[in-house]
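Here my numbering runs 72 ahead of the position in the sequence shown, where the first position is 1.
Note that CB positions come from ideal geometry on N, CA and C, so glycine has one too.
Fair warning: this is a prediction, and the values are worked out from it, not measured in the lab.
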Amino acid sequence: MLEAPSGATGRRAAFTLLELLAVTALIAILAGIVLGVGRRASDAGRIARARAELAALSVALEGYRRAQGDYPRTDDESRLLQSLIGKRDPANTAISGRAQLEPARFVIARLAAPGIPVDPFAVVDSALVDPWGRPYVYVYKVPAGGWANSGFVLCSAGPDGKDSGALLPGGFADSAPPENADNIYANP
73 MLEAPSGATG RRAAFTLLEL LAVTALIAIL AGIVLGVGRR ASDAGRIARA
123 RAELAALSVA LEGYRRAQGD YPRTDDESRL LQSLIGKRDP ANTAISGRAQ
173 LEPARFVIAR LAAPGIPVDP FAVVDSALVD PWGRPYVYVY KVPAGGWANS
223 GFVLCSAGPD GKDSGALLPG GFADSAPPEN ADNIYANP
């Protein structure tokens with residue numbers, strides 16, 4: 073039988089509590105880093121999607137202006153959508169016109185229940201929503217307001233969902249207020 077070398081104690085080889093705590097802390101730090109990077113990547117993807125959708129909406133609004141003579145004269149998100157799918161003219165009169173955008177390429181939700189996608193041709197109180205689930209913000213030019221801008225401001229309130237609604241003289245978006253810092257504009 074083998075005997076323990078002299079001076080050796082009868083302790084078993086095992087991890088100490090301090091070693092276990094150090095490993096647990098290291099795993100928690102690494103998990104935090106991975107989740108943080110993943111969240112930033114997710115936000116970057118949503119921002120890119122919002123920019124692409126805003127560009128497509130701007131093109132649809134220009135097509136609407138060419139067909140109808142003006143942009144939709146509304147600040148209401150559901151009327152904007154109804155206009156772009158050919159159901160409203162600039163004065164908000166019901167029409168049966170040509171759609172300027174393909175609704176299947178966007179997320180459209182009912183304003184009363186934002187998380188539920190709907191058919192915009194069947195539900196009148198629906199709106200185009202950004203990647204964060206909030207309606208895109210559309211502001212029509214102020215009549216006799218001296219707008220130098222294109223005639224509308226179109227944006228997403230961004231990740232924080234806040235928009236002050238402030239415009240600079242000439243109808244340009246004001247990104248100075250803190251709540252507008254992360255807003256994404258179609259026509260800055």
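Rounded to whole angstroms, how far is the Cβ of residue i from the Cβ of residue j, which I believe are closer than 8 Å?
i           : j           : result
residue 100 : residue 173 : Residue 100 to residue 173, Cβ: 46 Å. No contact.
residue 177 : residue 197 : Not confirmed; about 21 Å, so no contact.
residue 209 : residue 229 : 6 Å
residue 94  : residue 153 : Not really, about 56 Å apart at Cβ, beyond 8 Å.
Quick check on the burial criterion: 16 or more other C-beta atoms within 10 angstroms. Buried or exposed for residue i?
i           : result
residue 132 : buried
residue 151 : buried
residue 126 : buried
residue 207 : buried
residue 168 : exposed
residue 160 : buried
residue 180 : buried
With which residues is residue i paired in a DSSP beta bridge?
i           : result
residue 199 : 181
residue 226 : 210
residue 239 : 245
residue 256 : 228
Please name the residue, chosen from the options, that lies closest to residue i on a Cα-to-Cα basis.
i           : options            : result
residue 144 : 227, 213, 251, 259 : 213
residue 137 : 120, 148, 170      : 170
residue 121 : 154, 205, 184      : 205
residue 238 : 232, 225, 231      : 225
residue 191 : 157, 140, 118      : 157
residue 164 : 146, 227, 87, 180  : 146
residue 115 : 254, 85, 247       : 254
residue 166 : 140, 102, 203      : 140
residue 134 : 222, 250, 236      : 222
residue 258 : 106, 104, 119      : 119
message: To test your reading of the DSSP string, which unbroken beta strand (DSSP E) runs of 3 or more residues are found completely within the stretch 131-183?
response: 179-182
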